[in-house]
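**Student:**
There are 2 protein chains.
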Amino acid sequence: MDVAATLSTAGTSPGFLHRVTIDLGERSYAIDIGAEVLGDPGTWAGLPRAATAAIVTNDVVAPLYLSRLRSALAPHFPRVLDIVLPDGEAHKDWPTLNRIFDALLTHACDRKTVLFALGGGVIGDMTGFAAACYQRGVPFVQVPTTLLAQVDSSVGGKTAINHPLGKNMIGAFYQPLRVVCDLATLATLPAREFSAGLAEVIKYGPIADPAFLDWVEDRMEALRAREPSALAYAVRRSCEIKAAVVGQDERESGLRAILNFGHTFGHAIEAGLGYGAWLHGEAVGCGMVMAATLSQRLGRVSADYVQRLTRLIAAAGLPTRAPRLADDNAARYLALMRVDKKAEAGAIRFIVVDEQGHAELCPVPDAVVAEVIDACCV
Amino acid sequence: MDVAATLSTAGTSPGFLHRVTIDLGERSYAIDIGAEVLGDPGTWAGLPRAATAAIVTNDVVAPLYLSRLRSALAPHFPRVLDIVLPDGEAHKDWPTLNRIFDALLTHACDRKTVLFALGGGVIGDMTGFAAACYQRGVPFVQVPTTLLAQVDSSVGGKTAINHPLGKNMIGAFYQPLRVVCDLATLATLPAREFSAGLAEVIKYGPIADPAFLDWVEDRMEALRAREPSALAYAVRRSCEIKAAVVGQDERESGLRAILNFGHTFGHAIEAGLGYGAWLHGEAVGCGMVMAATLSQRLGRVSADYVQRLTRLIAAAGLPTRAPRLADDNAARYLALMRVDKKAEAGAIRFIVVDEQGHAELCPVPDAVVAEVIDACCV
Numbered sequence: 001m002d003v004a005a006t007l008s009t010a011g012t013s014p015g016f017l018h019r020v021t022i023d024l025g026e027r028s029y030a031i032d033i034g035a036e037v038l039g040d041p042g043t044w045a046g047l048p049r050a051a052t053a054a055i056v057t058n059d060v061v062a063p064l065y066l067s068r069l070r071s072a073l074a075p076h077f078p079r080v081l082d083i084v085l086p087d088g089e090a091h092k093d094w095p096t097l098n099r100i101f102d103a104l105l106t107h108a109c110d111r112k113t114v115l116f117a118l119g120g121g122v123i124g125d126m127t128g129f130a131a132a133c134y135q136r137g138v139p140f141v142q143v144p145t146t147l148l149a150q151v152d153s154s155v156g157g158k159t160a161i162n163h164p165l166g167k168n169m170i171g172a173f174y175q176p177l178r179v180v181c182d183l184a185t186l187a188t189l190p191a192r193e194f195s196a197g198l199a200e201v202i203k204y205g206p207i208a209d210p211a212f213l214d215w216v217e218d219r220m221e222a223l224r225a226r227e228p229s230a231l232a233y234a235v236r237r238s239c240e241i242k243a244a245v246v247g248q249d250e251r252e253s254g255l256r257a258i259l260n261f262g263h264t265f266g267h268a269i270e271a272g273l274g275y276g277a278w279l280h281g282e283a284v285g286c287g288m289v290m291a292a293t294l295s296q297r298l299g300r301v302s303a304d305y306v307q308r309l310t311r312l313i314a315a316a317g318l319p320t321r322a323p324r325l326a327d328d329n330a331a332r333y334l335a336l337m338r339v340d341k342k343a344e345a346g347a348i349r350f351i352v353v354d355e356q357g358h359a360e361l362c363p364v365p366d367a368v369v370a371e372v373i374d375a376c377c378v
Numbered sequence: 001m002d003v004a005a006t007l008s009t010a011g012t013s014p015g016f017l018h019r020v021t022i023d024l025g026e027r028s029y030a031i032d033i034g035a036e037v038l039g040d041p042g043t044w045a046g047l048p049r050a051a052t053a054a055i056v057t058n059d060v061v062a063p064l065y066l067s068r069l070r071s072a073l074a075p076h077f078p079r080v081l082d083i084v085l086p087d088g089e090a091h092k093d094w095p096t097l098n099r100i101f102d103a104l105l106t107h108a109c110d111r112k113t114v115l116f117a118l119g120g121g122v123i124g125d126m127t128g129f130a131a132a133c134y135q136r137g138v139p140f141v142q143v144p145t146t147l148l149a150q151v152d153s154s155v156g157g158k159t160a161i162n163h164p165l166g167k168n169m170i171g172a173f174y175q176p177l178r179v180v181c182d183l184a185t186l187a188t189l190p191a192r193e194f195s196a197g198l199a200e201v202i203k204y205g206p207i208a209d210p211a212f213l214d215w216v217e218d219r220m221e222a223l224r225a226r227e228p229s230a231l232a233y234a235v236r237r238s239c240e241i242k243a244a245v246v247g248q249d250e251r252e253s254g255l256r257a258i259l260n261f262g263h264t265f266g267h268a269i270e271a272g273l274g275y276g277a278w279l280h281g282e283a284v285g286c287g288m289v290m291a292a293t294l295s296q297r298l299g300r301v302s303a304d305y306v307q308r309l310t311r312l313i314a315a316a317g318l319p320t321r322a323p324r325l326a327d328d329n330a331a332r333y334l335a336l337m338r339v340d341k342k343a344e345a346g347a348i349r350f351i352v353v354d355e356q357g358h359a360e361l362c363p364v365p366d367a368v369v370a371e372v373i374d375a376c377c378v
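Chains as they are written, first to last, in full-length UniProt numbering: chain P, 1 to 378; chain G, 1 to 378.
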């Protein structure tokens, strides 16, 4: 399926307060993109009435934005609670998720309570999953404060926690009421996390839009300098592509898997090193080099294309050489990838790309994968 | 809304291998009712292809039916796993749920894996919730082996685990592929559990079908003697009523709450005594006496009706006097009920009935509820 063909062709000028709509029937919602919008009470008009809003955030984001969001929500909700979790992928687990349930139940929150996920991908995934499960489902709003969350994880309704035996293995497809991307929050993002977010921006070019790949290459310096117009377009275009894909395949029965380009290798890196050692975006950056190398072995892209993508990933400040995970390194990678959610009947499947912006899910023989691992590891 | 009017009017003759369909658009499914069907490979034809079937059951049901179900599934699935959990409501918690995830991940089960819930309400609720969450959703089949599960909990897609601060507080609406009620399994059910199931059978009369209430009264002796034709009709009519209600309101935005007649009081009893002290059906039986008494205080039913229902609940072998939970007994009940999922903005809401088979959700002042508690407690 040609995703690019289904995209709107709105020009490349940055649009403050741009709205991207994700079309999922009665579960459709808006992704609102703007600067300094999080602290504006007007941003939060039109949400369902409820006795309580509960902001879920972490101890790094809370000092920066919590009081601003709380004040902006106060005119709309009689009670605004906050639930501050420890920061980091290492805490994306059941005990931490349960702190959300404990807080909601201790405060007798009913099933109209609206949860707000204020933070990066981990907060968004956990808050979304908590919303999916609390009293069998309460509404929630994504307020992503990292680049990765704004361009990828907050959009599309994938929620989850990790299990010791696999990343994001316990979760739900559960859509938010709304996503609000405040570009101003990106100014406070540490460089390493910003680069991690660029991995997901880069991803959209190879899988769906060669012109966007060109644009990202041209504007990488402006992006890393966090130039507002560059950020605005990167977030908007990423959300447009993601919305087009998710709108066609909400529950990943097919097409949606292309958004996992680089992720099968990336998940193995994250699990193999222990969650949190590499950031998710770092693992995905490196994983895209591996997936491009695999695409080349399968005759779908040239060596030049692999080099071009590798240079771009390096220019984003991301690792391009994969870590060794064990003495029997390829076997370890393969074992970790066999629990990937795309695996079926024991066969690992990979997203491979061509140079025209098409991607597809492919089972690949272990021997070919092992060669790629050997070629890409330090 | 008049549920009875939407029901099919198929006569009262027992139908072996009767099929009740629950109409939920693309999530529609069949409830198949028969005797000795669980061990027949033909019963399991037509399910989706998958590499693995995983039977989740408990240590009481496993010795009775696990090997029979495993043999019947073997022609359909290359691999049949079993996951045997400890029995009882006290284990309807996260650590036990996680044993399902551990087993599925240890055996590298992919997201086409079909889970089979073989057991009562606890197994059905936990297996359904595990299916809702594992890799963000895998298909599952309900194989209820208790009366309570056959007439109520296996139908309609409510899944959950308990939280120390409230029953069924963490869960999902997630529909099975199919429900298979094998009436033969009811022969091995302990008397106390059988009576608990009768509470949910009794429930359908007051909320939707006065003629069914008459029938249950007439046939209570035959039911308790587990006469096959009486069982077949009780299961079938209960499923028909439940299917009609759920088909109109899958996610309990309104009508579906009527299925909770007696449950608000019942949940307080269960939580107040500690989960597992009373069976769920016992608490619901006693809760219906309380809810009927409340309906009388509100002028909706006569004292005769309350007595009639009380006698029927007693005849089913269920408690009709509520336990004292604390020195400040009514306050304790009220505090426990305030976390009920039907509560909204701190107001507890109750299902009240009239004598014509209509039920509705009503907020009730605490003082009135406290009087009912005082009147109904030992």
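Backbone N, C-alpha and C define an ideal beta-carbon position, used for all residues, glycine too.
Per the contact definition of three or more C-beta pairs closer than 8 Å, is the segment 155-165 of chain P in contact with the segment 186-198 of chain P?
**Tutor:** Segments in contact, no.
**Student:** Going by CA-CA distance only, name the one from P:ASP354, P:VAL368 and P:LEU336 that's closest to P:TYR204.
**Tutor:** Taking only the C-alpha atoms, the option nearest P:TYR204 is P:ASP354.
**Student:** With a threshold of 16 other CB atoms inside 10 Å of the CB of G:GLN150, please say whether the residue is buried or exposed.
**Tutor:** So G:GLN150 ends up on the buried side.
**Student:** So, with DSSP's three-state summary, where would you put P:GLY46?
**Tutor:** Three-state DSSP puts P:GLY46 in coil, outside helix and strand.
**Student:** Alpha carbon to alpha carbon, what distance is there between P:LEU255 and P:LEU7?
**Tutor:** Note that P:LEU7 has pLDDT 48, beneath the 50 cutoff, so the model's placement of it is unreliable and no number is given.
**Student:** Beta-carbon within less than 6 Å of G:HIS18's beta-carbon, same chain only, minus the 5 sequence neighbours each way: which residues are those?
**Tutor:** These residues qualify, in order along the chain: ILE33 and ARG236.
**Student:** Please check if any C-beta of chain G sits within less than 8 Å of the C-beta of P:CYS362.
**Tutor:** For P:CYS362, the answer is no, since every Cβ of chain G falls outside 8 Å of its Cβ.
**Student:** Could one say the Cβ of P:ILE100 lies closer than 8 Å to chain G's Cβ atoms, at least one of them?
**Tutor:** Not closer than 8 Å to any Cβ of chain G, the Cβ of P:ILE100 fails to qualify, so no.
**Student:** Nearest to G:ALA191 by alpha carbon, out of G:ALA108, G:VAL138 and G:LEU147?
**Tutor:** Of the candidates G:ALA108, G:VAL138 and G:LEU147, the one whose C-alpha sits nearest the C-alpha of G:ALA191 is G:LEU147.
**Student:** Let me check one thing: in DSSP terms, what residues is G:PRO144 bridge-paired to?
**Tutor:** G:PRO144 is bridged to G:GLY119.
**Student:** For G:GLY357, which residues of its own chain have a beta-carbon under 6 Å away from its beta-carbon, when the five flanking residues on both sides are left out?
**Tutor:** Answer for G:GLY357: ALA4, ALA208, ASP209 and PRO210, listed in chain order.
**Student:** Between P:ALA187 and P:PHE261, which are expected to be in contact by the criterion C-beta below 8 Å, what is the C-beta distance as a whole number of angstroms?
**Tutor:** About 28 Å separates the two Cβ atoms, so there is no contact after all.
**Student:** Would you call the segment 218-232 of chain G and the segment 173-180 of chain G in contact, with 3 or more CB pairs under 8 Å?
**Tutor:** The segment 218-232 of chain G, when compared against the segment 173-180 of chain G, does not touch it at the 8 Å Cβ threshold.
**Student:** Run the CB neighbour count on P:LEU273, radius 10 Å, all protein chains shown included, and call it buried at 16 or more, exposed below.
**Tutor:** Exposed, by the Cβ-count rule.
**Student:** From the beta carbon of G:LYS92, is the nearest beta carbon of chain P less than 8 Å away?
**Tutor:** For G:LYS92, the answer is no, since every Cβ of chain P falls outside 8 Å of its Cβ.
**Student:** Can you pull the chain G neighbours of P:TYR134, defined as C-beta to C-beta under 8 Å?
**Tutor:** Residues of chain G passing the Cβ test: MET169 and ILE170.
**Student:** Quick check: is the beta carbon of G:ARG236 nearer than 8 Å to any beta carbon in chain P?
**Tutor:** So no, G:ARG236 is outside the interface.
**Student:** Determine the closest residue to P:PHE140 out of P:ASP87, P:GLU252, P:THR264 and P:PRO48, with distance taken between C-alpha atoms.
**Tutor:** Nearest option by C-alpha distance: P:PRO48.
**Student:** Anything in the segment 340-361 of chain P with a Cβ closer than 8 Å to a Cβ of chain A? List those residues in chain order, please.
**Tutor:** No chain A appears in this structure, whose protein chains are P and G.
**Student:** Who are the Cβ neighbours of P:CYS362 in its own chain at under 8 Å, not counting the five residues just before and after it?
**Tutor:** These residues qualify, in order along the chain: LEU298, ARG349, PHE350, ILE351 and VAL352.
**Student:** Give the interface partners of G:PHE173 over in chain P, defined as CB-CB distance under 8 Å, in chain order.
**Tutor:** What G:PHE173 touches in chain P: ARG136 and GLY137.
**Student:** Residues of chain P with CB closer than 7 Å to the CB of G:ALA160, please, in chain order.
**Tutor:** Here the neighbours are ARG136.
**Student:** What in chain P is Cβ-close to G:ASP110, meaning under 7 Å?
**Tutor:** Result: ALA343, GLU344 and ALA345.
**Student:** Could you tell me which chain G residues have their CB closer than 8 Å to the CB of P:LEU105, listed as they occur along the chain?
**Tutor:** Neighbours of P:LEU105 on chain G, chain order: HIS163, LEU165, GLY166, MET169 and VAL339.
**Student:** Output, in chain order, the set of chain P residues within a Cβ distance shorter than 8 Å of G:ALA51.
**Tutor:** GLU344, ALA345 and GLY346, listed in chain order.
**Student:** So the candidates are G:ALA230, G:ALA108 and G:TYR134; which of them puts its Cα closest to the Cα of P:LEU336?
**Tutor:** Out of G:ALA230, G:ALA108 and G:TYR134, G:ALA108 has the C-alpha closest to the C-alpha of P:LEU336.
**Student:** Looking at the structure shown, is P:VAL352 part of a helix, part of a strand, or coil, going by DSSP?
**Tutor:** Strand.
**Student:** For P:GLU26, does the count of other Cβ atoms within 10 angstroms reach 16, so buried, or fall short, so exposed?
**Tutor:** P:GLU26 is exposed by the Cβ-count criterion.
**Student:** Once you ignore the five residues that flank P:THR320 on each side, which residues in its own chain have a CB closer than 8 Å to its CB?
**Tutor:** Cβ neighbours of P:THR320 beyond the five flanking positions: GLY285, CYS286, VAL289, THR310, ILE313 and ALA314.
**Student:** What is the residue span of the beta strand (DSSP E) that P:VAL20 lies within?
**Tutor:** Here the beta strand (DSSP E) through P:VAL20 covers 18-22.
**Student:** If contacts are defined as beta-carbon pairs under 8 Å, then G:GLU270 and G:ALA283 qualify, I think. What distance do you get, rounded to the angstrom?
**Tutor:** With 8 Å as the limit, G:GLU270 and G:ALA283 qualify as a contact, their Cβ atoms being about 5 Å apart.
**Student:** How is P:ASP2 classed by DSSP in three states: helix, strand or coil?
**Tutor:** Since pLDDT at P:ASP2 reaches only 49, below the 50 mark, its modelled position is unreliable, and the value read off the structure follows with that caveat. It is coil, neither helix nor strand.
**Student:** State the Cα-Cα distance for the pair P:HIS91 and G:GLY120, rounded to the nearest angstrom.
**Tutor:** Looking at the two C-alpha atoms, the distance is approximately 34 Å.
**Student:** For the alpha helix (DSSP H) holding G:ASP304, just list the boundary residues, first then last.
**Tutor:** First-last of the alpha helix (DSSP H) with G:ASP304: 303-315.
**Student:** The alpha helix (DSSP H) with P:ALA291 in it runs from where to where?
**Tutor:** From DSSP, the alpha helix (DSSP H) with P:ALA291 extends over 280-297.
**Student:** Within 10 angstroms of its Cβ, does G:ASP125 collect 16 or more other Cβ (buried), or is it exposed?
**Tutor:** Buried, since its Cβ has 16 or more Cβ neighbours within 10 Å.
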